[in-house]
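This report refers to the structure that appears directly beneath it.
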(Lines of atoms letter the chains of each structure in order from A and count residues from 1; the text may use other names and numbers.)
(Lines give C-alpha, C1' and ligand atoms only; values in the text may rest on other atoms or scores of the structure.)
Protein backbone atom coordinates (compact mmCIF):
# COMPACT_ATOMS: atom_id res chain seq x y z
CA UNK A 1 0.00 0.00 0.00
CA UNK A 2 1.39 3.39 -0.93
CA UNK A 3 1.86 5.71 2.01
CA UNK A 4 2.07 9.46 1.63
CA UNK A 5 2.07 12.64 3.68
CA UNK A 6 2.09 15.42 1.17
CA UNK A 7 1.23 18.91 2.31
CA UNK A 8 4.72 19.89 3.46
CA UNK A 9 8.22 18.92 2.41
CA UNK A 10 9.50 18.75 5.97
CA UNK A 11 8.58 19.09 9.60
CA UNK A 12 8.94 22.37 11.47
CA UNK A 13 10.40 22.49 14.95
CA UNK A 14 7.50 22.77 17.35
CA UNK A 15 7.46 25.52 19.92
CA UNK A 16 6.59 24.93 23.53
CA UNK A 17 3.27 26.69 23.08
CA UNK A 18 0.47 24.62 24.56
CA UNK A 19 -2.14 23.41 22.10
CA UNK A 20 -5.53 23.48 23.76
CA UNK A 21 -8.63 21.55 22.79
CA UNK A 22 -10.26 24.78 21.67
CA UNK A 23 -7.50 25.26 19.08
CA UNK A 24 -8.66 22.37 16.91
CA UNK A 25 -11.99 21.08 15.64
CA UNK A 26 -12.14 17.57 14.14
CA UNK A 27 -15.11 16.74 11.90
CA UNK A 28 -16.16 13.76 9.86
CA UNK A 29 -19.28 12.10 8.47
CA UNK A 30 -20.68 8.62 8.98
CA UNK A 31 -19.18 6.60 6.15
CA UNK A 32 -18.79 3.00 7.22
CA UNK A 33 -16.62 1.01 7.19
CA UNK A 34 -14.13 3.91 7.13
CA UNK A 35 -15.47 6.00 10.01
CA UNK A 36 -18.76 5.69 11.84
CA UNK A 37 -20.25 5.92 15.31
CA UNK A 38 -22.48 3.57 17.24
CA UNK A 39 -23.70 5.11 20.48
CA UNK A 40 -20.65 6.72 22.05
CA UNK A 41 -18.24 4.44 20.19
CA UNK A 42 -16.22 5.39 17.11
CA UNK A 43 -15.18 2.70 14.64
CA UNK A 44 -13.74 2.13 11.18
CA UNK A 45 -10.50 1.81 9.22
CA UNK A 46 -9.81 5.54 9.03
CA UNK A 47 -10.96 6.10 12.60
CA UNK A 48 -8.37 3.66 13.95
CA UNK A 49 -5.64 5.52 12.06
CA UNK A 50 -6.96 8.90 13.21
CA UNK A 51 -7.12 7.88 16.86
CA UNK A 52 -3.58 6.51 16.77
CA UNK A 53 -2.22 9.71 15.21
CA UNK A 54 -4.11 11.89 17.70
CA UNK A 55 -2.69 9.86 20.59
CA UNK A 56 0.86 10.23 19.27
CA UNK A 57 0.32 13.97 18.76
CA UNK A 58 -1.10 14.26 22.28
CA UNK A 59 -4.28 15.66 20.76
CA UNK A 60 -6.51 12.79 21.84
CA UNK A 61 -8.40 15.15 24.18
CA UNK A 62 -9.99 16.74 21.08
CA UNK A 63 -13.37 15.17 20.36
CA UNK A 64 -14.23 13.95 16.87
CA UNK A 65 -17.57 15.42 15.76
CA UNK A 66 -19.80 13.41 13.41
CA UNK A 67 -21.81 15.72 11.15
CA UNK A 68 -23.82 15.34 7.95
CA UNK A 69 -21.35 15.26 5.06
CA UNK A 70 -22.39 18.61 3.55
CA UNK A 71 -22.10 20.36 6.93
CA UNK A 72 -18.71 18.78 7.73
CA UNK A 73 -17.44 19.78 4.28
CA UNK A 74 -18.69 23.36 4.67
CA UNK A 75 -17.18 23.65 8.16
CA UNK A 76 -13.77 22.60 6.86
CA UNK A 77 -14.06 24.98 3.90
CA UNK A 78 -14.99 28.07 5.88
CA UNK A 79 -13.44 27.80 9.36
CA UNK A 80 -9.76 27.73 10.38
CA UNK A 81 -8.20 25.02 12.54
CA UNK A 82 -10.46 22.24 11.32
CA UNK A 83 -9.20 18.71 10.72
CA UNK A 84 -11.55 16.85 8.35
CA UNK A 85 -11.51 13.19 7.33
CA UNK A 86 -11.70 11.14 5.20
CA UNK A 87 -11.76 13.27 2.07
CA UNK A 88 -11.24 12.08 -1.49
CA UNK A 89 -8.86 14.30 -3.45
CA UNK A 90 -10.23 15.74 -6.69
CA UNK A 91 -9.26 18.57 -9.02
CA UNK A 92 -12.27 20.57 -7.86
CA UNK A 93 -11.38 20.22 -4.18
CA UNK A 94 -7.61 20.55 -4.28
CA UNK A 95 -7.46 24.28 -3.42
CA UNK A 96 -10.07 24.11 -0.66
CA UNK A 97 -7.92 22.28 1.91
CA UNK A 98 -4.41 21.55 3.14
CA UNK A 99 -3.96 17.93 2.01
CA UNK A 100 -2.12 16.63 5.00
CA UNK A 101 -1.94 12.87 4.98
CA UNK A 102 -3.00 10.14 2.60
CA UNK A 103 -4.80 7.22 4.22
CA UNK A 104 -6.09 4.78 1.59
CA UNK A 105 -6.38 4.33 -2.15
CA UNK A 106 -9.97 4.10 -3.35
CA UNK A 107 -11.66 2.50 -6.33
CA UNK A 108 -15.29 2.75 -7.41
CA UNK A 109 -17.47 0.43 -9.47
CA UNK A 110 -20.89 0.42 -11.09
CA UNK A 111 -23.13 -2.17 -9.45
CA UNK A 112 -26.45 -3.75 -10.37
CA UNK A 113 -28.55 -6.51 -8.84
CA UNK A 114 -27.38 -9.99 -9.75
CA UNK A 115 -30.99 -10.89 -10.39
CA UNK A 116 -31.42 -8.10 -12.94
CA UNK A 117 -30.56 -9.78 -16.25
CA UNK A 118 -31.25 -6.55 -18.15
CA UNK A 119 -28.58 -4.58 -16.24
CA UNK A 120 -25.41 -5.36 -18.17
CA UNK A 121 -23.83 -2.00 -18.89
CA UNK A 122 -20.13 -2.09 -19.71
CA UNK A 123 -19.29 1.62 -19.84
CA UNK A 124 -20.35 4.94 -18.34
CA UNK A 125 -21.36 6.29 -21.73
CA UNK A 126 -24.07 3.66 -21.99
CA UNK A 127 -25.61 4.88 -18.69
CA UNK A 128 -25.81 8.58 -19.47
CA UNK A 129 -29.64 8.50 -19.63
CA UNK A 130 -30.26 5.98 -16.85
CA UNK A 131 -31.43 7.00 -13.34
CA UNK A 132 -28.52 6.48 -10.96
CA UNK A 133 -28.69 7.00 -7.21
CA UNK A 134 -25.85 9.02 -5.64
CA UNK A 135 -24.95 10.47 -2.25
CA UNK A 136 -25.53 14.24 -2.48
CA UNK A 137 -22.29 16.29 -2.66
CA UNK A 138 -20.22 13.11 -2.58
CA UNK A 139 -17.30 12.54 -4.95
CA UNK A 140 -19.39 10.14 -7.03
CA UNK A 141 -22.09 12.74 -7.64
CA UNK A 142 -19.49 15.41 -8.46
CA UNK A 143 -17.83 13.12 -10.97
CA UNK A 144 -20.99 11.94 -12.73
CA UNK A 145 -22.35 15.47 -13.02
CA UNK A 146 -19.03 16.57 -14.54
CA UNK A 147 -19.58 13.84 -17.16
CA UNK A 148 -22.99 15.19 -18.11
CA UNK A 149 -25.23 12.79 -16.17
CA UNK A 150 -28.66 14.39 -15.68
CA UNK A 151 -30.71 11.53 -14.22
CA UNK A 152 -29.02 11.47 -10.80
CA UNK A 153 -31.21 10.69 -7.82
CA UNK A 154 -29.72 12.48 -4.81
CA UNK A 155 -29.92 10.82 -1.40
CA UNK A 156 -28.30 11.57 1.95
CA UNK A 157 -26.07 8.51 2.29
CA UNK A 158 -24.60 5.57 0.41
CA UNK A 159 -26.88 3.33 2.45
CA UNK A 160 -29.93 5.02 0.93
CA UNK A 161 -28.50 4.51 -2.56
CA UNK A 162 -28.12 0.81 -1.92
CA UNK A 163 -31.69 0.57 -0.60
CA UNK A 164 -32.98 2.09 -3.84
CA UNK A 165 -31.08 -0.56 -5.77
CA UNK A 166 -32.31 -3.41 -3.56
CA UNK A 167 -35.88 -2.15 -3.88
CA UNK A 168 -35.61 -2.00 -7.69
CA UNK A 169 -36.01 1.78 -7.75
CA UNK A 170 -32.81 2.18 -9.79
CA UNK A 171 -30.83 -0.29 -11.87
CA UNK A 172 -27.35 1.08 -11.20
CA UNK A 173 -25.35 2.65 -8.39
CA UNK A 174 -21.67 3.68 -8.04
CA UNK A 175 -19.99 2.29 -4.92
CA UNK A 176 -16.68 1.26 -3.46
CA UNK A 177 -16.33 -2.40 -2.65
CA UNK A 178 -15.81 -2.16 1.12
CA UNK A 179 -18.83 0.07 1.70
CA UNK A 180 -21.24 -2.02 -0.35
CA UNK A 181 -20.10 -5.17 1.45
CA UNK A 182 -20.68 -3.46 4.80
CA UNK A 183 -24.17 -2.23 3.95
CA UNK A 184 -25.19 -5.51 2.33
CA UNK A 185 -24.30 -7.43 5.47
CA UNK A 186 -26.41 -5.04 7.51
CA UNK A 187 -29.40 -5.57 5.24
CA UNK A 188 -29.27 -9.36 5.36
CA UNK A 189 -27.79 -9.60 1.87
CA UNK A 190 -24.38 -10.73 0.62
CA UNK A 191 -21.97 -9.55 -2.06
CA UNK A 192 -23.37 -12.26 -4.33
CA UNK A 193 -26.68 -10.37 -4.44
CA UNK A 194 -25.05 -7.64 -6.53
CA UNK A 195 -22.82 -7.74 -9.57
CA UNK A 196 -19.81 -5.55 -10.19
CA UNK A 197 -20.17 -4.43 -13.80
CA UNK A 198 -17.04 -2.32 -14.31
CA UNK A 199 -14.57 -0.11 -12.53
CA UNK A 200 -14.91 3.65 -12.96
CA UNK A 201 -11.20 4.11 -13.58
CA UNK A 202 -11.41 7.88 -13.97
CA UNK A 203 -12.72 8.01 -10.42
CA UNK A 204 -9.78 6.18 -8.84
CA UNK A 205 -8.57 8.42 -6.04
CA UNK A 206 -7.17 8.44 -2.51
CA UNK A 207 -8.61 9.53 0.81
CA UNK A 208 -6.86 12.04 3.04
CA UNK A 209 -6.92 13.72 6.40
CA UNK A 210 -7.09 17.44 5.52
CA UNK A 211 -6.81 20.73 7.39
CA UNK A 212 -8.83 23.78 6.54
CA UNK A 213 -7.03 26.69 4.92
CA UNK A 214 -5.80 29.17 7.51
CA UNK A 215 -5.20 26.50 10.14
CA UNK A 216 -2.48 26.86 12.75
CA UNK A 217 0.82 25.65 11.28
CA UNK A 218 2.02 24.26 14.60
CA UNK A 219 -1.04 22.06 14.97
CA UNK A 220 -0.77 20.82 11.38
CA UNK A 221 2.92 19.98 11.75
CA UNK A 222 2.33 18.29 15.09
CA UNK A 223 -0.35 16.07 13.57
CA UNK A 224 1.68 15.38 10.43
CA UNK A 225 4.67 14.28 12.47
CA UNK A 226 2.47 11.97 14.54
CA UNK A 227 0.80 10.60 11.41
CA UNK A 228 4.20 9.68 9.96
CA UNK A 229 4.79 7.62 13.10
CA UNK A 230 1.40 5.98 12.67
CA UNK A 231 2.21 5.03 9.08
CA UNK A 232 5.33 3.23 10.27
CA UNK A 233 3.53 1.46 13.12
CA UNK A 234 1.92 -1.96 13.46
CA UNK A 235 -1.41 -0.17 13.91
CA UNK A 236 -1.38 1.05 10.31
CA UNK A 237 0.07 -2.18 8.98
CA UNK A 238 -2.64 -4.24 10.64
CA UNK A 239 -5.44 -1.94 9.46
CA UNK A 240 -3.94 -1.72 5.98
CA UNK A 241 -3.60 -5.49 5.68
CA UNK A 242 -7.25 -5.98 6.62
CA UNK A 243 -8.33 -3.14 4.30
CA UNK A 244 -6.53 -4.63 1.30
CA UNK A 245 -7.74 -8.14 2.04
CA UNK A 246 -11.39 -7.09 2.25
CA UNK A 247 -11.09 -4.72 -0.69
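Numbering (the numbering used here), first residue to last: 11 to 257.
Each residue gets a CB set at the ideal place from its N, CA and C atoms; glycine is no exception.
Item to complete: Could you pull the start and end residues of the alpha helix (DSSP H) that residue 69 belongs to?
Response: Segment: none, residue 69 is in no alpha helix (DSSP H) and carries neither H nor E.
Fill in: CA nearest to the CA of residue 75, picked from 107, 184, 100, 39
Closest in alpha carbon position to residue 75, among 107, 184, 100, 39, is 39.
Item to complete: Flag this pair as yes or no: are the beta carbons of residue 157 and residue 184 separated by less than 8 angstroms?
Response: For residue 157 and residue 184, no; Cβs fall outside 8 angstroms.
Item to complete: Put residue 59 into one of helix, strand or coil per three-state DSSP.
Response: Of the three classes helix, strand and coil, the one that applies to residue 59 here is helix, per DSSP.
Worksheet entry | residue 161 and residue 140 closer than 8 angstroms at C-beta | It is a contact, given that the beta carbons lie within the stated cut-off.
Worksheet entry | CB-CB length for residue 55 against residue 246, believed under 8 angstroms | About 10 angstroms separates the two Cβ atoms, so there is no contact after all.
Item to complete: Would you mind sorting residue 189 into buried or exposed? The rule is 16 or more other CB atoms within 10 Å of its CB.
Response: Buried is the call here.
Fill in: Bridge partner(s) assigned by DSSP for residue 121
Its beta-bridge partners are 183, 206.
Discussion item. Please list the terminal residues of the continuous beta strand (DSSP E) segment that includes residue 162.
Written reply: 162-165 is the span of the beta strand (DSSP E), which, as asked, contains residue 162.
Worksheet entry | Where the beta strand (DSSP E) through residue 53 begins and ends | Here the beta strand (DSSP E) through residue 53 covers 51-53.
Worksheet item: Smallest Cα separation from residue 174: which of 147, 123, 64, 51?
Response: Of the candidates 147, 123, 64, 51, the one whose C-alpha sits nearest the C-alpha of residue 174 is 123.
Discussion item. Can you tell me where the beta strand (DSSP E) holding residue 47 begins and where it ends?
Written reply: First-last of the beta strand (DSSP E) with residue 47: 46-48.
Worksheet item: Between the C-alpha atoms of residue 234 and residue 53, what's the straight-line distance to the nearest angstrom?
Response: In a straight line, the C-alpha of residue 234 is about 22 angstroms away from that of residue 53.
Item to complete: Mind checking which residues open and close the beta strand (DSSP E) that includes residue 233?
Response: DSSP places residue 233 outside any beta strand (DSSP E); the residue lies instead in the alpha helix (DSSP H), whose first and last residues are 227-241.
Worksheet item: Among 180, 95, 228, which residue has its Cα nearest to the Cα of residue 129?
Response: Cα-wise, what sits closest to residue 129 is 180.
Worksheet item: So is residue 127 buried or exposed if we call it buried at 16+ other beta carbons inside 10 Å?
Response: Exposed.
Practice prompt. Check the C-beta distance from residue 205 over to residue 121 and give it rounded, since I have them as a contact under 8 angstroms.
Written response: 7 angstroms between Cβ atoms; contact.
Practice prompt. Output the boundary residues of the alpha helix (DSSP H) element that contains residue 153.
Written response: Where residue 153 is concerned, the enclosing alpha helix (DSSP H) stretches over 149-156.
Item to complete: Would you list the residues sitting across from residue 143 in a DSSP beta bridge?
Response: Residue 143 is bridged to 163.
Worksheet item: Is the beta carbon of residue 110 sitting closer than 8 angstroms to the one on residue 192?
Response: For the pair residue 110 and residue 192, the CB atoms are not nearer than the 8 angstroms cut-off.
Practice prompt. In angstroms with no decimal places, state the Cα-to-Cα distance between residue 79 and residue 147.
Written response: Residue 79 and residue 147 have their alpha carbons spaced roughly 8 angstroms apart.
Item to complete: Quickly, what does DSSP pair residue 35 with across the bridge? List them, please.
Response: Secondary-structure assignment with DSSP links residue 35 through a beta bridge to 92.
Worksheet entry | Among 99, 195, 237, 86, nearest to residue 152 - alpha-carbon criterion | Nearest of 99, 195, 237, 86 to residue 152, Cα basis: 99.
Fill in: Residue range of the beta strand (DSSP E) that includes residue 217
Its beta strand (DSSP E) spans residues 215-222.
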